[in-house]
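Here's the structure, in structure tokens; my notes come after.
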């Protein structure tokens, strides 16, 4: 049954975690077309802060956003050369090493505690913080694996379970734990919120499987490789990403391109034909770009127009249905104030901490 199938997947996932390569993404820019070329590489390296003595630093280096602590230790004006936001090795919380000796212990711990929490995944009161602790900081991986089993995507799209687990692990590794808010836990929270929306009767009865899968993937990767600062900061510091995307939806463009890069790297959809892949890629791009807060008025205006349109239908009109999915994506992204107070309070504290870190880092630079 589904329970035993999921248990088998979890066991495989546990055994694979130590074997899965950590994918990173390099960014290069062709001067001719300014298109990003994402190249998967193995491993990672920390870009160290170097102090340049003397001279005018008006031609400042692009900030390596993931080394804020290192930057604060540097003396004088700070110049950190940007290589790739993805090249900083993340420091995950300690995880239980998987071996025959502790396999039974892990099985008991997971099944009796985490499974109990996971059984409430359809509820708005789902406790992502508790679940994350029980899974040793791997909530996004295990939540996504469970949902893919629950929706039957492996059978519907003939997805290889090993490639899926490699993909989910790469996605989780693509977030930075040094971010108090924009990390893999936030991605897991948004994914669970999107799942709740997809379970609403009106959507559940008409959303196509590929649309539902795209929505969950977009939720998982909507902030992939987030640097922990906002677009205004990237523009103010003349970051390479701001130049690359001409100051328009800078982060969101980076997120969706990083997302497509991960899917290509893992080969999870290598068996898709051009039409299937094109549809999935378009859905991912559109949903992730919809999270740009600067486009808020655009979506509100369109939402009001559809409210007054007697011909609006999500059952028979793919464009109308996709717009609702975009709204669901936006709502899921900023849904934490609507959670139960204990969770909502924690999220508020985390986002405030990240905002203050951005302000502190800006002062260090200037």
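Numbering (the UniProt record's numbering), first residue to last: 1 to 366.
Beta carbons: idealized from backbone N, C-alpha and C, even for Gly.
Per DSSP, the continuous alpha helix (DSSP H) segment holding residue 192 begins and ends at 184 to 198. The three-state reading of DSSP puts residue 261 in helix, counting H, G and I together. Counting C-beta pairs closer than 8 Å gives fewer than three between the region 313 to 329 and the region 338 to 352, which falls short of the contact rule.
Closest in alpha carbon position to residue 295, among 276, 234, 250, is 250.
DSSP places residue 240 in the uninterrupted alpha helix (DSSP H) bounded by 240 to 244. Within the same chain, Cβ atoms closer than 6 Å to the Cβ of residue 337 are found at 344, the five residues on either side in sequence being excluded. Membership of residue 302 in the alpha helix (DSSP H) is indicated by the continuous run 296 to 307.
With three or more CB-CB distances shorter than 8 Å, the region 312 to 322 counts as touching the region 198 to 207. Sixteen is the threshold: when 16 or more other Cβ atoms of the shown chains lie within 10 Å of the Cβ of residue 285, as they do, the residue is buried.
Residue 170 sits close to residue 265, with the two beta carbons spaced by under 8 Å. If you look at residue 150, you'll find it in the alpha helix (DSSP H) that goes 139 to 151.
Our two residues, residue 274 and residue 154, have alpha carbons roughly 19 Å apart in a direct line. Taking 8 Å as the cut-off, the Cβ atoms of residue 293 and residue 163 do not count as close.
By the 16-neighbour rule on beta-carbons within 10 angstroms, residue 271 is exposed. Here residue 256 has 284, 285, 288, 289 as same chain residues with Cβ atoms under 7 Å from its own Cβ, once five neighbours each way along the sequence are excluded. The continuous alpha helix (DSSP H) containing residue 362 extends over residues 341 to 365. A check of alpha carbon separations from residue 172 across 145, 158, 303, 339 identifies 145 as the nearest. Linking residue 114 to residue 254 through their CA atoms gives a straight-line distance of about 33 Å.
A residue is called buried once 16 or more other Cβ atoms fall within 10 Å of its Cβ, and residue 334, having fewer, is exposed. When DSSP states are grouped into helix, strand and coil, residue 204 belongs to the helix group. Residue 312 sits exposed, since fewer than 16 C-beta atoms from the chains shown fall within 10 Å of its C-beta. Secondary structure at residue 228: coil, using DSSP grouped into helix, strand and coil. Under the three-state reduction of DSSP, residue 174 is assigned to coil, being neither helix nor strand. Nearest to residue 191 by C-alpha distance, out of 219, 309, 148, is 219. Between residue 358 and residue 233, the beta carbon gap of about 6 Å places them in contact (Cβ cut-off 8 Å). DSSP, read as helix, strand or coil, puts residue 209 in helix. Three or more beta-carbon pairs separated by less than 8 Å link the region 121 to 131 to the region 181 to 196, which places the two stretches in contact. Taking all protein chains in view, the Cβ of residue 227 is crowded by 16 or more other Cβ atoms within 10 Å, so the residue is classified as buried. Rounded to whole angstroms, the separation of the alpha carbons of residue 213 and residue 276 is 12 Å. Membership of residue 330 in the alpha helix (DSSP H) is indicated by the continuous run 318 to 333.
A residue is called buried when at least 16 other Cβ atoms come within 10 angstroms of its Cβ; residue 302 does not meet this threshold and is exposed.
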